[in-house]
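Here is the structure we will look at.
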Amino acid sequence: MKRPWTIPVRLALMLACMVTGAYARGDQIVVSGENFKRAEVVSLTNGLLQFRGSDGAVRSAHLVDIDLLIVNRGGLFDDFNEAERFLDAGDARKAVIRYKRALRMSSDFWSDLISARLVIAYDRRMEIDKAVQQLIRVTRGKWAGPVAGARLIPTHLPKKRNAALARAVRELTGALASHPQRGQEIVFAFTRYELLRRMGDKLSPSAAARVVRKRIPKGVRTDRVYDVLVSAMRGASAGDDSSRMIGDIDRAIEECPAKHLPDFLLIKGEVLLRSADTRDDIIRASWPFLRVAIHMADDPRAARGLLGAAKALERLADSAGARKLLDECIALPNANTDVLAEARRMRDGLSGREQSND
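For the sequence shown, position 194 (counting from the first letter as 1) is numbered 194 according to my numbering, and the numbering increases by one without interruption.
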């Protein structure tokens, strides 16, 4: 006669084997093209997904860098996994539907993670109001926060005002009125300015002036945040009092990612040259331009550095030196077409004045 506990124990062992087999297959995570199979998602902390690879090492990845995440944890993740596959295949519409279903069933850090994936999906669909709603949620999130939000500022924006843009701006204005923490404020204020700029809104200049004065915490100094700051500084630097911005520009030069250093140096040169009164002022204005032209010679923005330095030499009445720099600018194979056109016009103008003097 079999003991009554024998069958339950056998069932328990069978279930344990089934669960162990499922988890042995593990999660799949593709980060910036690198595929981690038989991995295990561990947590989401301060905007970074922590996962253990098949080698046992724990790694971290920003949510925006995750190309694909397939979670092998049973039926609760079926919608999420389908959403990931659709997003990876370029079908953001179907991805949104399944992410929303998954979000209703999520808990703990998974809710922040799914909201972050929704920002990406809505952004690709150019549903800016819905993207911003999720961005605010992510930026306020316990597990994602500003570190994630600063990398998720939407990029697929309408080129003119529409109802969705207006709703998104209202959402961000409300979020800023709630006295957010400094990192959250940066995400909300920079996103709001970017939307106002795209709308051509009359509030855009004042929003730009506020953005350029903000100190950016280290954790949110992302390429996307500085993309927006470059635009804001270019807009604000067009004003008559742009010389007051030098301290803000210098701070950006000191703190920005390397990708944006040429932009801020060029802006500094333009501001200094516009406000230069003396010969020494003009010489100082040429230095940021020359730094880009000499030390970043392979960058396409080196052409703008040569053009700016040529303008400084022209004001110093050094036509020969200016023409030499313009010739170097025009010879660059990777120069922007607008910069080349301006350099050619300037060189032709110098030649015309020299001939008339002869």
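Idealized CB from N, CA, C, for every residue including glycine.
### Query
In whole angstroms, what separates the C-alpha of Pro257 from that of Asp108?
Counting from 1 along the sequence shown, the entry for residue 257 is found at position 257. Counting from 1 along the sequence shown, the entry for residue 108 is found at position 108. Between Pro257 and Asp108, the C-alpha separation is close to 32 Å.
### Query
Using the beta-carbon count (16 or more within 10 Å), is Val359 buried or exposed?
Lying outside 1 to 358, the shown extent of the chain, residue 359 is not represented and no answer is given.
### Task
Determine the closest residue to Ala242 out of Leu261, Pro217, Gly269 and Leu325, with distance taken between C-alpha atoms.
Position 242 of the sequence shown, counted from the first residue, corresponds to residue 242. One detail in the question is off: residue 242 reads as Ser in this sequence, not Ala. Per the Cα distances, Gly269.
### Query
Does the stretch 90-103 come close enough to the stretch 67-75 to have 3 or more Cβ pairs within less than 8 Å?
no
### Task
Just mark Ala252 as buried or exposed, buried being the case when its beta carbon has 16 or more other beta carbons within 10 Å.
Within the sequence shown, residue 252 is the residue found at index 252, counting from 1. With 16 or more Cβ atoms within 10 Å of its Cβ, Ala252 is classed as buried.
### Message
Taking 8 Å as the threshold (C-beta atoms), are Glu255 and Leu307 in contact?
### Response
As a working mapping, residue 307 is identified with position 307 in the sequence shown. As a working mapping, residue 255 is identified with position 255 in the sequence shown. The answer is no: Cβ separation not under 8 Å.
### Task
Spatial neighbours of Arg59 within its chain, please: CB distance less than 7 Å, with the 5 preceding and 5 following residues excluded, ordered by chain position.
Within the sequence shown, residue 59 is the residue found at index 59, counting from 1. Here the set comprises Phe51 and Gly53.
### Query
Taking just the CA atoms, how far does Ala285 sit from Asp88?
Translated into positions along the sequence shown, residue 88 becomes position 88. Translated into positions along the sequence shown, residue 285 becomes position 285. Cα-Cα distance, rounded: 47 Å.
### Task
Tell me whether the beta-carbon of Asp214 lies closer than 8 Å to the beta-carbon of Ala189.
By 1-based counting over the sequence shown, the position of residue 214 is 214. By 1-based counting over the sequence shown, the position of residue 189 is 189. Asp is not the amino acid found at residue 214; the sequence shown has Lys there. Yes.
### Task
Count the other CB atoms, across all protein chains shown, that sit within 10 Å of the CB of Leu135; report buried if there are 16 or more and exposed otherwise.
The residue given as residue 135 occupies position 135 in the sequence shown. The residue in question, Leu135, is buried, as its Cβ has 16 or more Cβ neighbours within 10 Å.
### Message
Let me confirm a value: Ile186 is counted as buried when at least 16 other C-beta atoms fall within 10 Å, else exposed. Which label applies?
### Response
Against the sequence shown, residue 186 aligns to sequence position 186. It counts as buried.
### Nearest-angstrom Cα separation, counted from Ile114 out to Ile120
Residue 120 sits at position 120 when you count from the first residue of the sequence shown. Residue 114 sits at position 114 when you count from the first residue of the sequence shown. When rounded, the distance between both Cα atoms is 10 Å.
### Query
For Lys214, does the three-state DSSP call read helix, strand or coil?
In the sequence shown, counting from the first residue as 1, residue 214 sits at position 214. Residue state, collapsed to three classes: coil.
### Query
CA-CA distance, Ala208 and Gly235?
Here residue 208 refers to the residue found at position 208 when the sequence shown is read from its first residue. Here residue 235 refers to the residue found at position 235 when the sequence shown is read from its first residue. Ala208 and Gly235: Cα-Cα distance of roughly 7 Å.
#### Entry: C-beta atoms of Arg362 and Leu165 nearer than 8 Å
Any question about residue 362 goes unanswered here, given that the chain covers just 1 to 358.
### Query
Cα-Cα, which of Phe264, Lys311 and Asp227 is closest to Arg347?
Within the sequence shown, residue 347 is the residue found at index 347, counting from 1. Arg347 has its Cα closest to that of Lys311, out of Phe264, Lys311 and Asp227.
### Query
Can you tell me whether DSSP reads Ser43 as helix, strand or coil?
As a working mapping, residue 43 is identified with position 43 in the sequence shown. Ser43 falls in the strand class under three-state DSSP.
### Query
For Leu272, which of helix, strand or coil comes out of DSSP?
Sequence index remark: in the sequence shown, residue 272 carries index 272 (1-based). The answer is helix: DSSP assigns Leu272 an H, G or I state.
### Task
Given a cut-off of 8 Å, decide if Ile153 and Glu127 are closer than it, judged by their beta-carbon atoms.
Start at 1 with the first residue of the sequence shown, and residue 127 comes out as number 127. Start at 1 with the first residue of the sequence shown, and residue 153 comes out as number 153. No, the pair does not count as a contact, with Cβ atoms beyond the cut-off.
### Query
For Asn378, does the count of other Cβ atoms within 10 angstroms reach 16, so buried, or fall short, so exposed?
The displayed coordinates of the chain run from 1 to 358. Any statement about residue 378 would go beyond what the structure contains.
### Message
Starting from Gln134, trace the alpha helix (DSSP H) in both directions and tell me its first and last residue.
### Response
In the sequence shown, counting from the first residue as 1, residue 134 sits at position 134. Element bounds for Gln134: Ile128 to Arg140.
### Message
For the beta strand (DSSP E) containing Ala61, name the first residue and the last one.
### Response
On the sequence shown, residue 61 is found 61 positions in, with the first residue counted as 1. Element bounds for Ala61: Val58 to His62.
### Task
Count the other C-beta atoms from every protein chain shown that fall within 10 angstroms of the C-beta of Ala163, then say buried if there are 16 or more, exposed otherwise.
Taking the sequence shown and counting its residues from 1, one reaches residue 163 at position 163. Flag for Ala163 reads exposed.
### Query
Got a sec, what are the start and stop residues for the alpha helix (DSSP H) Phe77 sits in?
For the purposes of this step, residue 77 is identified with residue 77 of the sequence shown, where counting begins at 1. Note, Phe77: premise wrong, no alpha helix (DSSP H); not H, not E.
### Message
Does Asp298 pass the burial test, meaning 16 or more other C-beta atoms within 10 Å, or should it be called exposed?
### Response
As a working note, residue 298 is residue 298 in the sequence shown. With fewer than 16 Cβ atoms within 10 Å of its Cβ, Asp298 is classed as exposed.
### Query
Just curious, the alpha helix (DSSP H) that Leu325 is in, first and last residue?
One-based indexing of the sequence shown puts residue 325 at position 325. It spans Ser319 to Ala331 - the alpha helix (DSSP H) in which Leu325 sits, taken as one unbroken run.
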